[in-house]
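A.B. asks: Quick one: this structure, given as structure tokens, is what I'll be asking you about.
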Amino acid sequence: MSKCCDNFDPNYLLWNEVPYAGEDSPPTNPEDPLAGSWPMYFYNRCGQKFQIKQTGEHVYFTVKHPNFIDWGGAQLDAVYETANHLDEFKKQVATYWGTGVANKQWLPVLDILVDTYGVTAPYAARLEAAVLAAANDAFMITWYYKFMWLVARPDQYDQTFATLLCTPRHPTYPSGHAAVAGCVTTMLKYFFPAEAARLDELGEECAVSRLYALVHFPVDNDEGLKLGRQVAEHIIPILASETDSSGKPIDVPYTENKHADLPPPPYEQVIPFDFPDNCTSLTLPPDDS
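And the structure:
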């Protein structure tokens with residue numbers, strides 16, 4: 001794994017050089033560190049630049065450079081402040097959105113929208129494929145930035161700091177959960193604009209849940225949410241330009257609000273699974289979490 005690879009000298013702790021709290025050595029088991037090089041559906045990556053496959057347009061994502069972020073000061077203080085005011089509701093939010101992979105909680109949202117709005121079978125296939133393909137691209141782009149910049153986690157800055165959930169095995173910045181939330185909600189707002197306000201609420205809650213879990217800095221989530229939205233915003237015009245054999249647009253967004261009952265609440269998994277508890281980083285004891 002490279003130290004840093006966009007030709008700058010980092011002024012922050014590097015993820016692959018510092019142990020997590022509760023561990024003796026820096027992480028050696030990164031989660032898919034080469035995912036940033038995987039093929040995407042709507043984007044190509046050429047070096048440090050991105051291009052829309054379908055149009056050739058060059059895209060520049062406005063993600064704040066980590067050298068201009070006060071990681072060990074204001075950002076870490078915000079994590080401490082969150083830890084000191086971690087009530088039961090915030091713990092519920094963190095646990096709900098932090099269970100399983102970052103796509104997990106969005107699949108029921110997508111399914112409920114399809115059912116509520118009576119989406120036809122062929123159109124549901126198109127809609128679901130578009131949303132999940134966009135989410136794929138958001139993940140790959142996020143992973144590119146994560147492993148280029150290699151920003152350390154909160155519990156690497158303070159190796160006595162216990163988190164609510166296990167610290168993920170990849171760099172902190174930007175947040176993958178926040179990026180997929182920004183992307184998925186923006187895509188869904190294109191298809192279901194009447195549900196925009198509710199979708200924004202869910203996306204923002206998903207993003208901040210990673211701060212409540214104490215595994216991310218606030219800026220990870222803010223910039224991740226912004227990045228995911230940008231990924232989707234460049235995809236939507238491609239979909240909107242597509243027509244059927246009669247020349248009519250394929251997509252006709254659902255503008256009448258049917259008030260879909262989108263979870264959460266309740267803060268219980270729609271698709272439950274008994275995940276193993278194999279955390280090696282320092283976490284809060286059960287009576288505190």
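Oh and the sequence shown: position 281 is 281 in full-length UniProt numbering, straight run, nothing missing.
From the three backbone atoms N, C-alpha and C, an ideal C-beta is built for every residue, glycine too.
Is it the case that the Cβ atoms of Gly-203 and Ala-179 are separated by a distance below 7 Å?
C.D. replies: Contact: no.
A.B. asks: Does the beta-carbon distance from Leu-225 to Leu-164 come in below 7 Å?
C.D. replies: No, the pair does not count as a contact, with Cβ atoms beyond the cut-off.
A.B. asks: Buried or exposed: Tyr-212, going by 16 or more other Cβ atoms within 10 Å of its Cβ?
C.D. replies: It counts as buried.
A.B. asks: Closest to Glu-23 by CA distance: which of Val-252, Glu-268 and Gln-156 is it?
C.D. replies: That would be Gln-156, whose Cα lies nearest to the Cα of Glu-23.
A.B. asks: What does Cys-166 pair with, by DSSP beta-bridge criteria?
C.D. replies: Paired residue(s): none; Cys-166 is not in a bridge.
A.B. asks: When DSSP builds the beta bridges, which residues end up paired with Val-59?
C.D. replies: Bridge partners of Val-59: Phe-50.
A.B. asks: Taking Glu-205 as the reference, which of Pro-249, Tyr-254, Glu-195 and Pro-265 has the closest Cα?
C.D. replies: Among Pro-249, Tyr-254, Glu-195 and Pro-265, the Cα nearest to that of Glu-205 is on Pro-265.
A.B. asks: Excluding the 5 residues preceding and the 5 following Phe-192 in the sequence, name in chain order all residues of the same chain whose CB lies nearer than 6 Å to its CB.
C.D. replies: Contacts found: Leu-113 and Tyr-254.
A.B. asks: Determine whether the beta carbon atoms of Ala-152 and Trp-15 lie at a separation below 7 Å.
C.D. replies: Their beta carbons are under 7 Å apart, which means Ala-152 touches Trp-15 by this criterion.
A.B. asks: If you count every other CB in all the chains shown that lies within 10 Å of the CB of Phe-68, and 16 or more means buried, which is it?
C.D. replies: With fewer than 16 other Cβ atoms within 10 Å, it is exposed.
A.B. asks: According to DSSP, is Tyr-43 helix, strand or coil?
C.D. replies: In the structure shown, Tyr-43 sits in a strand (DSSP, three-state: E or B).
A.B. asks: Which of helix, strand or coil does DSSP assign to Leu-214?
C.D. replies: Coil at Leu-214, not helix or strand.
A.B. asks: Report the option in Glu-17, Gln-51, Ala-125 and Lys-189 whose CA atom is closest to the CA atom of Pro-26.
C.D. replies: Comparing Cα-Cα distances from Pro-26 to each of Glu-17, Gln-51, Ala-125 and Lys-189, the minimum goes to Glu-17.
A.B. asks: According to the Cβ coordinates, are Ile-235 and Ala-135 closer than 7 Å?
C.D. replies: No; because the gap between Cβ atoms is not below 7 Å, this pair is not in contact.
A.B. asks: Ignoring anything shorter than 4 residues or poking outside the stretch 177-244, list the alpha helix (DSSP H) runs there in chain order.
C.D. replies: The qualifying runs are 196-212 and 218-240.
A.B. asks: Can you list, in chain order, the residues of its chain with a C-beta nearer than 8 Å to that of Tyr-117? Leave out the 5 residues immediately preceding and following it.
C.D. replies: Around Tyr-117: Phe-192, Tyr-254, Lys-258 and Ala-260.
A.B. asks: For Tyr-43, which residues in the same chain have their Cβ closer than 6 Å to its Cβ, ignoring the five residues on either side in sequence?
C.D. replies: For Tyr-43, where only same-chain residues beyond five positions count, the Cβ hits under 6 Å are Phe-50 and Asp-137.
A.B. asks: Is it right to say Pro-154 is buried, meaning 16 or more other beta carbons lie within 10 angstroms of its own, or is it exposed?
C.D. replies: Buried is the call here.
A.B. asks: Is it buried or exposed, Lys-189, if we count other Cβ atoms within 10 angstroms and call 16 or more buried?
C.D. replies: Under this definition Lys-189 is a buried residue.
A.B. asks: According to DSSP, which residues form a beta bridge with Thr-283?
C.D. replies: Answer is Thr-163, bridged to Thr-283.
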